[in-house]
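Chains as they are written, first to last, in the working numbering: chain D, 94 to 340; chain C, 94 to 340.
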């Protein structure tokens, strides 16, 4: 029995998210990957993903693992073998044999997401699937100030999509940086875990700060309120990219 | 009568090139643009492009002009009006009213193209439509040396696609830079004009230098030979982008 860890990059534009949706006929990243793995192993292989990504969300460092007795390819040769079979919008960047107890979801200690905003009057055709377009004036310094209030351990219930409750909404954010690479504004968030739509709701809230609708220090009140309606709207999926999963 | 100059950015992936191909039913940039212009003017409008781009080739600074007595929108408002009607992969970046004798093709004095090579073992899903993938070892310094031999005024017949002869194959290259932005290698060429497929054939030749198949100084012999078969193969379209047209 082998346990193989794969690091994936994918363009989520043409997929209904990462997770397999059995019987729906909708294309997912997991399904495409399992098809390629099963072709090589000549037996069905199922993967465990570090986390789901929604339809239209991208990844540069998604991680999955699978356990198999029949996997025939040495880890170092697996990316090449898999990339021949995978479509152009999904690539295996790295493959490693890991201890049997490695679990892509439960063993993860930190994840980094990036949210990208194309901040220009005219949207670039080359960024349309990878950025949210915001032509209005934005105070980027205020957004940076607001983001800094996210650092630390808090109950982030205000930033959880309604209707998808989890019991424990306490998370720790280690990094919350806004880096401008004009005309693109990138928000980087690194934390021990993220609630459903958390990065996109944080982005919507930081945009409200950028517009001057609310002040950077209002972030404290919004966190303390544990009230989703005080946070901003959910930013659209195409700006989001899962950059790294750490173990 | 007004003469309007438009600067366009487009993702050429889903088009059969810039130029209208009447009666073929194939989607082209020109056709999509003329449709939007004609909708606004409520009369057919035809544009003159600075140059054709092939299927799959992109532009960040293509220029067109059109003359019309019925164009109703002030130049400064034209981008917004047009971008509402245009598909997401074509955007008008700028519009200006210009003197009646301005002609997008004949008035051009220089063009800049970029050719992008994704130089990494695994192709990035995000670059698959915008770069040529080259996983093999490349000597980038040698490629830079080779590119420098292109600077100046020469007969570039060796770098012209066969079967598309023009009488005058003498062109002047003002800039020939290779700039590495790992893992992407960008070739920038600025000249007073380019022969058909010239940038892509130059790229193929510089790749041969990068592989060590030929030496940088062999560029001189290749130019002097005026023989297409001595130059490299034509690099694929998706790496090419028309960056700027100068007047």
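The beta carbon of each residue, even a glycine, is placed where N, CA and C say it ideally should be.
Identify the contact partners of residue 215(C) in chain D, using a Cβ-Cβ distance below 7 Å as the criterion.
Indexing the second chain from 1 puts residue 215(C) at position 122. What residue 215(C) touches in chain D: 172, 176, 184 and 186.
Does any CB atom of chain C fall closer than 8 Å to the CB of residue 281(D)?
Translated into positions along the first chain, residue 281(D) becomes position 188. Chain C contact via Cβ: absent.
What does residue 181(D) reach in chain C if we use C-beta pairs closer than 9 Å?
Start at 1 with the first residue of the first chain, and residue 181(D) comes out as number 88. Here the neighbours are 216, 218, 221 and 222.
With a threshold of 8 Å between beta carbons, is residue 102(D) in contact with chain C?
Indexing the first chain from 1 puts residue 102(D) at position 9. So, interface residue.
How big is the Cα-Cα spacing for residue 287(D) and residue 131(C)?
For the purposes of this step, residue 287(D) is taken as the residue at position 194 of the first chain. For the purposes of this step, residue 131(C) is taken as the residue at position 38 of the second chain. Those two C-alpha atoms are separated by around 49 Å.
Helix, strand or coil at residue 100(C) [DSSP, three-state]
Locating residue 100(C) in the second chain gives position 7, counting from the first residue. Note: residue 100(C) maps to strand in three-state DSSP.
What are the boundary residues of the alpha helix (DSSP H) that includes residue 185(C)?
What you label residue 185(C) is simply residue 92 of the second chain in a count that begins at 1. Taken as a continuous stretch (DSSP letters only), residue 185(C) belongs to no alpha helix (DSSP H), being part of the beta strand (DSSP E) at 183-190.
Return the chain-ordered list of same chain residues with a C-beta closer than 7 Å to the C-beta of residue 259(C), the five sequence neighbours on each side being excluded.
Within the second chain, residue 259(C) is the residue found at index 166, counting from 1. If we look at residue 259(C) and ignore the five residues flanking it on each side, its Cβ neighbours are 288.
I need the DSSP call for residue 105(C), collapsed to helix, strand or coil.
The sequence position of residue 105(C) within the second chain is 12, counting from 1. Residue state, collapsed to three classes: helix.
Check the DSSP bridge columns for residue 316(D) and list the partner residues they point to.
On the first chain, residue 316(D) is found 223 positions in, with the first residue counted as 1. None, per the DSSP bridge assignment.
Buried or exposed: which applies to residue 207(D), given that a residue is buried once 16 or more other Cβ atoms fall within 10 Å of its Cβ?
Along the first chain, one-based indexing puts residue 207(D) at 114. Result: buried.
Quick one: measure Cβ to Cβ for residue 157(D) and residue 197(D), integer angstroms, because I've assumed they're closer than 8 Å.
Counting from 1 along the first chain, the entry for residue 157(D) is found at position 64. Counting from 1 along the first chain, the entry for residue 197(D) is found at position 104. The Cβ separation is near 5 Å, so the contact holds.
Excluding five sequence neighbours on each side, which residues of the same chain lie with their C-beta closer than 8 Å to the C-beta of residue 300(C)?
The residue you call residue 300(C) lines up with position 207 of the second chain. Cβ within range, chain order: 210, 227, 231, 236, 325 and 328.
Proximity to residue 282(D) [Cα-Cα], best of 239(D), 181(D) and 162(D)
Position 189 of the first chain, counted from the start, is the residue given in the question as residue 282(D). The shortest C-alpha separation from residue 282(D) is found at 239(D).
Quick one: any contact between the segment 164-178 of chain C and the segment 95-104 of chain C, if contact means 3 or more CB pairs under 8 Å?
yes
In three-state DSSP terms, what is residue 131(D)?
On the first chain, residue 131(D) is found 38 positions in, with the first residue counted as 1. If DSSP states are grouped into helix, strand and coil, residue 131(D) belongs with the helices.
Just grab the DSSP bridge partners of residue 204(D) for me.
Within the first chain, residue 204(D) is the residue found at index 111, counting from 1. The partner list for residue 204(D) (beta bridge, DSSP) reads 284(D) and 338(D).
Tell me the rounded alpha-carbon separation between residue 112(D) and residue 308(C).
Counting from 1 along the first chain, the entry for residue 112(D) is found at position 19. Counting from 1 along the second chain, the entry for residue 308(C) is found at position 215. If I take the Cα positions, the gap works out to 50 Å.
Considering just the uninterrupted stretch of the alpha helix (DSSP H) at residue 303(C), what are its terminal residues?
Position 210 of the second chain holds residue 303(C). Unbroken alpha helix (DSSP H) run through residue 303(C): 291-304.
For residue 241(D) versus residue 290(D), is the C-beta distance shorter than 8 Å?
The residue given as residue 241(D) occupies position 148 in the first chain. The residue given as residue 290(D) occupies position 197 in the first chain. No. Outside cutoff.
Following the continuous alpha helix (DSSP H) through residue 241(D), name the residue where it begins and the one where it ends.
Position 148 of the first chain holds residue 241(D). Its alpha helix (DSSP H) spans residues 233-241.
Report the CB separation of residue 285(C) from residue 265(C) in whole angstroms; it is logged as a contact under 8 Å.
As a working mapping, residue 285(C) is identified with position 192 in the second chain. As a working mapping, residue 265(C) is identified with position 172 in the second chain. The Cβ separation is near 5 Å, so the contact holds.
Go ahead and pull the three-state DSSP assignment for residue 122(C).
Counted from its first residue, the second chain places residue 122(C) at position 29. In the structure shown, residue 122(C) sits in a helix (DSSP, three-state: H, G or I).
Pick helix, strand or coil for residue 244(C), following the three-state DSSP scheme.
Locating residue 244(C) in the second chain gives position 151, where the first residue counts as 1. DSSP places residue 244(C) in coil when its eight states are reduced to three.
Proximity winner among 245(C), 333(C) and 106(C), relative to residue 316(C) (alpha-carbon distances)
Here residue 316(C) refers to the residue found at position 223 of the second chain. Among 245(C), 333(C) and 106(C), the Cα nearest to that of residue 316(C) is on 245(C).
Backbone secondary structure at residue 217(D) - three-state DSSP
One-based indexing of the first chain puts residue 217(D) at position 124. Note: residue 217(D) maps to coil in three-state DSSP.
Can residue 331(C) and residue 222(C) be called in contact, C-beta distance under 8 Å?
Taking the second chain and counting its residues from 1, one reaches residue 331(C) at position 238. Taking the second chain and counting its residues from 1, one reaches residue 222(C) at position 129. Going by C-beta atoms, residue 331(C) is nearer than 8 Å to residue 222(C).
Which residues in the same chain have their Cβ closer than 6 Å to the Cβ of residue 187(C), if we skip the five residues on either side of it in sequence?
Along the second chain, read from residue 1 onward, the residue named residue 187(C) stands at position 94. 100.
Measure how close the beta-carbons of residue 403(D) and residue 215(C) come, nearest whole angstrom, since I'm counting them as under 8 Å.
Shown here, chain D extends from 94 to 340; a query on residue 403(D) therefore has no answer.
Exposure label - residue 115(D); buried when at least 16 CB within 10 Å:
As a working mapping, residue 115(D) is identified with position 22 in the first chain. That one is exposed.
Please check the pair residue 129(C) and residue 179(C), which I expect to be a contact at CB under 8 Å, by giving their CB distance rounded to whole angstroms.
As a working note, residue 129(C) is residue 36 in the second chain. As a working note, residue 179(C) is residue 86 in the second chain. The Cβ separation is near 5 Å, so the contact holds.
Identify the continuous alpha helix (DSSP H) that holds residue 166(C) and give its terminal residues.
In the second chain, residue 166(C) corresponds to position 73, counting from 1. First-last for residue 166(C): undefined, no H or E at that position.
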